[in-house]
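Working notes for the structure below.
As C-alpha cells, this is what we get:
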C-alpha cells in the first residue's frame, strides 16, 4: 500500500495540478513513480533556493501505535469528497469543487484550488488494509517522516514520498482504526504569488487533517 501512496502523489501532482512540483522528479514526469526516498533526498531538498532549513526527517518506531478508539469511516472512504464539510472548505478558502477519482480499489477526492482563494491543491484518500503500519513498516519509501502528537485522539504522522516541503508540499496521515488511515496531501502555490504559508505546508496539511477527523467523528461510528 505504501507504493500506492507514492503513485497517488506522483499522479496527482505531476499531472499538471501543481506545476512548481513537476520539475522535482524527472522520472515521475516520464510516467513513473518517485524512486527510493532516502535521507539524502530529504537533506538535498531542505536547502534549495536558499530557503531556511526545515526539521530533518526522523526514524519512526518499527511498529505503529494502536488506535485506542477506532472510528468506522466506511462511508467517507466510499465518498471521500464528503471528508470535509462545506463549512470547513469555506474556512480553508477552498472554492474549487471536489472531484472524486478512482485509482484501483481506492477513491481520492481532489480539490484543484491552486489558483483559487486557498492557493492549495488538496487530495484526501482513505486507505484500508494495514493502517499506519503500512507507513511505519516501509519507512525507506519516504523522503520525510515525522511523528505527530495525536490529532483528535488519533495517532498521526507527516509522511511524504519525496521531501518537497520547500516546494509547498506535505502530507499528513491519521490512523482511524488499526486497519485504516486517512491521508491528506496539500501542495501550496509558489512562484510570484505564493500561498502565505508556503514555507510551512505541513502546518496546513495538519490543519486540514484535523478538520477531516473532526468531521468523521461527527459522522462516523465509533467501533
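Numbering (mature numbering (1 follows the signal peptide of the UniProt record, and there is no 0)), first residue to last: -22 to -1, 1 to 201. From the three backbone atoms N, C-alpha and C, an ideal C-beta is built for every residue, glycine too. Every value quoted in this text rests on a predicted model; they were computed, and no experiment measured them.
Under a Cβ-count criterion, where at least 16 other Cβ atoms within 10 Å of its own Cβ denotes burial, should residue i be classed as buried or exposed?
| i | result |
| --- | --- |
| residue 112 | buried |
| residue 42 | buried |
| residue 119 | buried |
| residue 150 | buried |
| residue 103 | buried |
| residue 58 | buried |
| residue 184 | buried |
| residue 48 | buried |
| residue 39 | exposed |
| residue 82 | exposed |
| residue 134 | buried |
| residue 191 | buried |
| residue 5 | Unreliable placement is indicated for residue 5, whose pLDDT of 30 sits below 50; no coordinate value is reported for it. |
| residue 73 | exposed |
| residue 179 | buried |
| residue 210 | Outside the shown range of the chain (-22 to 201) lies residue 210, about which nothing can therefore be said. |
| residue 8 | With a pLDDT of only 30 at residue 8, under 50, the local geometry of the prediction cannot be trusted, and the value read off the model is given with reservation. Flag for residue 8 reads exposed. |
| residue 109 | buried |
| residue 139 | buried |
Which residue or residues does DSSP assign as beta-bridge partners of residue i?
| i | result |
| --- | --- |
| residue 87 | 78, 102 |
| residue 148 | 164 |
| residue 159 | 105, 153 |
| residue 70 | Its beta-bridge partners do not exist; DSSP assigns none. |
Considering only their Cβ atoms, is the gap separating residue j from residue i smaller than 8 Å?
| i | j | result |
| --- | --- | --- |
| residue 96 | residue 121 | no |
| residue 126 | residue 136 | yes |
| residue 155 | residue 92 | no |
| residue 54 | residue 105 | no |
| residue 78 | residue 193 | no |
| residue 124 | residue 69 | no |
| residue 51 | residue 87 | no |
| residue 152 | residue 186 | no |
| residue 161 | residue 107 | no |
| residue 32 | residue 116 | no |
| residue 188 | residue 129 | yes |
Assuming residue i and residue j form a contact by the criterion Cβ under 8 Å, report the distance between their Cβ atoms to the nearest whole angstrom.
| i | j | result |
| --- | --- | --- |
| residue 196 | residue 173 | Not really, about 28 Å apart at Cβ, beyond 8 Å. |
| residue 100 | residue 56 | Actually they are not in contact, since the Cβ atoms of residue 100 and residue 56 sit about 19 Å apart, beyond 8 Å. |
| residue 175 | residue 181 | 6 Å |
So, is the C-beta of residue i closer than 8 Å to a C-beta in chain B?
| i | result |
| --- | --- |
| residue 189 | Reference to chain B is not applicable here, since this structure consists of a single protein chain. |
Taking only heavy atoms of the ligand MG into account, decide whether any of them is closer than 7 Å to the Cβ of residue i.
| i | result |
| --- | --- |
| residue 163 | By its list of ligands, the structure shown contains no ligand whatsoever, and the ligand MG lies outside what it can speak to. |
Original post:
Which runs of the alpha helix (DSSP H), 4 residues or longer, sit entirely within the stretch 105 to 138?
Top reply: 111 to 114
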